[in-house]
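Numbering (full-length UniProt numbering), first residue to last: 1 to 179.
All C-beta atoms in this analysis are idealised placements derived from N, C-alpha and C, irrespective of residue type, glycine included.
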């Protein structure tokens with residue numbers, strides 16, 4: 001089932017920015033990273049990327065913008081927090097022990113969203129969202145396309161051991177699962 005248009009608040013609304021910050025900061029707290037601040041410049045960049053060179057019902061190609069910021073993309077989510085949880089839950093595949101032992105540099109396509117979310121040196125986030133029509137023009141919906149930009153960017157090779165802290169075993173609050 002595809003998400004309904006009303007399930008995603010407008011990307012400039014307080015509920016949108018609150019969901020972005022609350023969900024990101026839940027993961028950041030669990031990994032000893034400072035809380036993020038919402039940044040309007042980053043949000044404007046994300047929104048501009050989502051709306052450039054695309055038809056009204058379509059979305060840009062699911063590819064990174066190539067911009068100057070760290071960036072996470074999600075497509076097909078039904079709500080903001082669900083998109084961020086997809087990224088944060090990649091931590092299950094991250095091998096903290098191998099990074100600490102110097103056996104792995106920490107970079108992986110399978111965990112790159114997670115590491116950007118919890119990167120200790122990142123201080124700001126801003127996001128944009130767009131509801132996408134079907135890729136084949138058939139009138140169905142793919143879902144929401146969420147783009148989050150981060151400053152300073154994370155995922156810097158050689159810095160994972162310092163920037164991505166081990167997961168503190170903190171109980172996930174019930175409210176987090178209902179975002």
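Distance check between residue 12 and each of 62, 26, 129 places 129 closest, using alpha-carbon atoms only.
Per DSSP, reduced to three states, the secondary structure at residue 25 is helical. Of the candidates 118, 64, 114, 147, the residue whose Cα lies closest to the Cα of residue 126 is 147. In the structure shown, residue 101 falls within a coil segment according to DSSP collapsed to helix, strand and coil. Closest by C-alpha distance to residue 20, out of 61, 87, 152, 68, is 87. In the structure shown, the three-state DSSP call for residue 89 is helix. The Cβ atoms of residue 49 and residue 60 sit closer than 8 Å to each other. Here the alpha carbon of residue 89 sits roughly 14 Å from the alpha carbon of residue 96. In this structure, DSSP gives residue 125 an extended state, which the three-state scheme calls strand. In the three-state reduction of the DSSP assignment, residue 47 falls in the helix class. Apart from the 5 residues on each side of it in sequence, residue 156 has no Cβ closer than 7 Å to any other Cβ in its chain. Residue 71 and residue 99 have their C-alpha atoms spaced approximately 22 Å apart. DSSP places residue 132 in the strand class (E or B) of the three-state scheme.
At the C-beta level, residue 85 and residue 22 stay beyond 8 Å of one another. Secondary structure note for residue 163: it is in no beta strand (DSSP E), and the uninterrupted alpha helix (DSSP H) holding it is 160–163.
Secondary structure at residue 37: strand, using DSSP grouped into helix, strand and coil.
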